[in-house]
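Mapping of the sequence shown onto UniProt numbering: position 446 corresponds to residue 446, and the numbering continues sequentially without gaps.
All residues carry an ideal CB built from backbone N, CA and C; glycine is no exception.
Since this is a predicted model, take the numbers as computed values, not measurements.
In what follows, a single structure is set out as structure tokens and then discussed.
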Amino acid sequence: MIAERIRYELNEWLILVTLVSASFIGLSALSGDYILYIIPGVTGVVFLGYLLIINPSWFPLLYLLGSILFLENEPGIQPLELPFYALNIIAAAYLCFDIVRGNLKLKTTLDYLFLLYLLLIPYGISLGILHGAAPFKVVGEVTYFFGLFIYFILRKYMHDEGFQKKVFFIVGLILTYILIRNALNYQALLIQAVAPWELELARSAANELFIVLGASFFLAATATTKSRWLQLIYTGTFIAFVGGLILTQSRGYWLAFFLAAVVIFIYLNNKGKLRLLISFLVLSAISILIAKIFFGDLYDFISQALIDRVSSIGSTFSGKLDLSLRERVLESQSVFEKISDNPIVGHGWATTYTKNNIFQDFFFQTSYVHNGYLAGWYKFGIFGLGIILSVWFYIIRYAYVIYSTSKHQMHRVSALTIFSVTIGMLLVNITSPQILAYDSMLITVIMGCFCSTQYSQIQSESDGG
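Printed below as a string of structure tokens:
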């Protein structure tokens with residue numbers, strides 16, 4: 001029996017090695033250098049296969065850790081990203097094996113919705129090709145949905161508390177990496193600046209939703225912990241993430257975090273609200289004082305830039321749109337005209353429309369849509385948009401149930417974070433498409449997996465009682 005099982009796993013692995021090796025050959029051909037990528041790629045796949053036969057639960061953890069390689073979002077295929085492409089091919093292959101063998105466990109409505117979400121990938125590919133989209137660009141846009149491949153693999157092990165802790169730890173590593181990388185990038189911009197206006201316009205905008213997630217988590221943790229030392233640690237970390245969010249100068253994500261913070265504040269009890277306000281005011285005052293003393297004029301420049309950026313948000317609500325927002329309004333009008341031609345079915349991946357660049361006054365073809373709701377409708381039709389919205393709705397619903405029901409402190413903090421961040425995503429999706437960003441999709445998958453697992457356990461305990 002054991003020998004038969006090992007032989008079965010090895011046969012599966014031979015298929016995976018063949019698929020990944022062939023994919024590396026293709027990617028290497030596109031990169032223009034074969035030997036440089038094929039040999040380490042195939043060697044890595046074989047070694048990974050050996051590890052996974054020993055303990056399959058390592059794969060989703062390795063995938064999450066490997067996602068750091070893909071968070072830079074640079075154009076084209078970068079050599080450092082090739083291992084992550086291999087991980088996605090393996091994840092997709094395992095997913096297909098589970099579907100064919102009937103091993104896909106669908107326990108909650110959210111599980112079924114994520115399966116439908118996955119089916120949007122081949123659906124969008126077919127539509128894109130039918131509408132004349134370039135195949136290479138179609139594949140490029142599919143990478144936005146890479147995170148979906150890991151949902152059911154992650155879901156398989158998420159019930160184990162030890163595995164959950166490992167996932168939280170890796171997410172913490174990703175958050176730390178993003179925060180430090182963005183700070184270093186911002187520092188480089190300040191060093192290179194030769195004029196005051198360059199200091200004011202400096203920004204480090206990358207993976208903003210991860211920063212919103214980190215800030216929201218430590219905000220919720222600060223308000224709910226009773227330990228004074230943990231309050232100080234959580235508040236200090238929270239301020240670091242808020243600082244990282246400020247440096248992005250991304251107005252949409254500022255508003256998303258503000259909404260998330262308001263939601264968290266509303267659902268806290270009075271002691272939690274008081275605890276949060278005291279900790280925040282004390283550490284904020286200390287942080288501002290230190291910045292003012294040690295950074296002087298630089299602090300004044302950055303502060304003025306932030307004031308100007310915040311004032312532009314007020315101008316938006318008063319009806320005075322800057323050039324960037326006016327361009328996006330025109331973009332939305334153009335996309336809606338295309339949607340009107342085919343509102344039910346959609347147009348698929350990489351299908352272009354005509355956009356007006358009002359900065360330089362010219363028209364060009366693009367498939368990127370800044371309004372996430374219009375992007376979902378344009379690419380996947382009204383039913384595809386419905387699937388996307390349903391996923392977010394059920395994440396919010398399940399997170400609320402977990403927060404209201406669970407007695408596990410970390411689960412409650414995580415649920416409150418997920419509840420608030422997803423509501424914030426609904427707002428920022430108007431200007432920054434969450435379905436057209438790999439990091440946002442990965443966060444959605446992790447949040448959905450956690451909520452589906454905990455909700456399923458709560459339902460099982462309720463039925464058992």
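| Does the Cβ of residue 229 have 16 or more other Cβ atoms within 10 Å, making it buried, or fewer, making it exposed? | The residue given as residue 229 occupies position 229 in the sequence shown. Around the beta carbon of residue 229, a 10 Å sphere encloses fewer than 16 other beta carbons of the protein chains shown; the residue is thus reported as exposed.
| task | Closer than 6 Å by C-beta to residue 279: which residues in its own chain qualify, once you throw out the five before and the five after it? Chain order, please. | result | In the sequence shown, counting from the first residue as 1, residue 279 sits at position 279. Correct list, in chain order: 222, 231 and 235.
| Mapping DSSP to helix, strand and coil, what is residue 474? | The structure shown does not extend to residue 474, since the chain spans only 1 to 465, so no value can be given for it.
| Bounding residues of the beta strand (DSSP E) (the contiguous stretch that carries residue 225) | The count along the sequence shown starts at 1 and reaches residue 225 at position 225. Per DSSP, residue 225 lies in no beta strand (DSSP E) segment and is marked neither H nor E.
| field | Per DSSP, cross-strand counterpart(s) of residue 365 | value | By 1-based counting over the sequence shown, the position of residue 365 is 365. Answer is 354, bridged to residue 365.
| request: With DSSP as the reference, label residue 349 as helix, strand or coil. | output: Working through the sequence shown from its first residue, we reach residue 349 at position 349. When DSSP states are grouped into helix, strand and coil, residue 349 belongs to the coil group.
| task | Tell me whether residue 459 sits in a helix, a strand or coil according to DSSP, three-state version. | result | Reading the sequence shown from its first residue, position 459 is the one you call residue 459. Residue state, collapsed to three classes: helix.
| query | Counting Cβ pairs, one atom from each stretch, are 3 or more of them under 8 Å apart for the stretch 104–118 and the stretch 388–398? | reply | The stretch 104–118 and the stretch 388–398 touch, with no fewer than 3 CB-CB distances between them shorter than 8 Å.
| field | Under the three-state DSSP convention, the category residue 208 falls into | value | Indexing the sequence shown from 1 puts residue 208 at position 208. Looking at residue 208 - three-state DSSP - the assignment turns out to be helix.
| Are the stretch 409–426 and the stretch 146–157 touching by the rule of at least three beta carbon pairs closer than 8 Å? | Verdict: no, contact absent.
| query | Would DSSP call residue 431 helix, strand or coil? | reply | Position 431 of the sequence shown holds residue 431. Correct three-state label for residue 431: coil.
| task | With a floor of 4 residues, list each alpha helix (DSSP H) that falls wholly inside the stretch 117–153, ordered by position along the chain. | result | If one requires a minimum length of 4 residues, the alpha helix (DSSP H) runs lying completely within the stretch 117–153 are 135–142, in chain order.
| task | Pick out whichever of 183, 156 and 69 has its Cα sitting closest to the Cα of residue 87. | result | The residue given as residue 87 occupies position 87 in the sequence shown. The candidate whose alpha carbon is nearest that of residue 87 is 69.
| query | Where do the ends of the alpha helix (DSSP H) carrying residue 338 lie? | reply | In the sequence shown, the residue the question calls residue 338 occupies position 338. Here the alpha helix (DSSP H) through residue 338 covers 323–341.
| Would residue 211 pass as a contact of residue 169 if the rule is Cβ separation under 7 Å? | Numbered from 1 along the sequence shown, position 211 holds the residue referred to as residue 211. Numbered from 1 along the sequence shown, position 169 holds the residue referred to as residue 169. In this structure, residue 169 does not lie closer than 7 Å to residue 211 by Cβ.
| message | Helix, strand or coil, according to DSSP, for residue 371 in the structure here? | response | As a working mapping, residue 371 is identified with position 371 in the sequence shown. Shown here, residue 371 sits in coil according to DSSP, grouped into three states, outside any helix or strand.
| field | C-alpha gap between residue 372 and residue 425, whole angstroms | value | Counting from 1 along the sequence shown, the entry for residue 372 is found at position 372. Counting from 1 along the sequence shown, the entry for residue 425 is found at position 425. A direct Cα-to-Cα measurement between residue 372 and residue 425 gives close to 10 Å.
| query | Could you give the residue range of the alpha helix (DSSP H) that holds residue 90? | reply | Position 90 of the sequence shown, counted from the start, is the residue given in the question as residue 90. Residue 90: member of the alpha helix (DSSP H) spanning 82–101, first to last residue.
| What's the call for residue 108, buried or exposed, on a 16-neighbour Cβ count within 10 Å? | Residue mapping note: residue 108 aligns to position 108 of the sequence shown, counting from 1. Taking a 10 Å sphere around the C-beta of residue 108, we find 16 or more other C-beta atoms and assign the residue as buried.
| request: Have a look at residue 188 and residue 180 and give me their C-alpha separation to the nearest angstrom. | output: Taking the sequence shown and counting its residues from 1, one reaches residue 188 at position 188. Taking the sequence shown and counting its residues from 1, one reaches residue 180 at position 180. About 12 Å.
| Check whether residue 337 and residue 355 have beta carbons under 7 Å apart | Here residue 337 refers to the residue found at position 337 of the sequence shown. Here residue 355 refers to the residue found at position 355 of the sequence shown. No, Cβ-Cβ distance for residue 337 and residue 355 is not below 7 Å.
| Distance between residue 277 and residue 269 (C-alpha atoms, nearest Å) | Here the question's residue 269 lines up with position 269 in the sequence shown. Here the question's residue 277 lines up with position 277 in the sequence shown. Distance between the alpha carbons of residue 269 and residue 277: 12 Å.
| message | Restricting to Cα atoms, I'd like to know which of 57, 435, 329 and 463 is closest to residue 162. | response | Taking the sequence shown and counting its residues from 1, the one referred to as residue 162 is at position 162. Considering only alpha carbons, the answer is 57.
| task | Would you mind sorting residue 135 into buried or exposed? The rule is 16 or more other CB atoms within 10 Å of its CB. | result | By 1-based counting over the sequence shown, the position of residue 135 is 135. Label assigned to residue 135: exposed.
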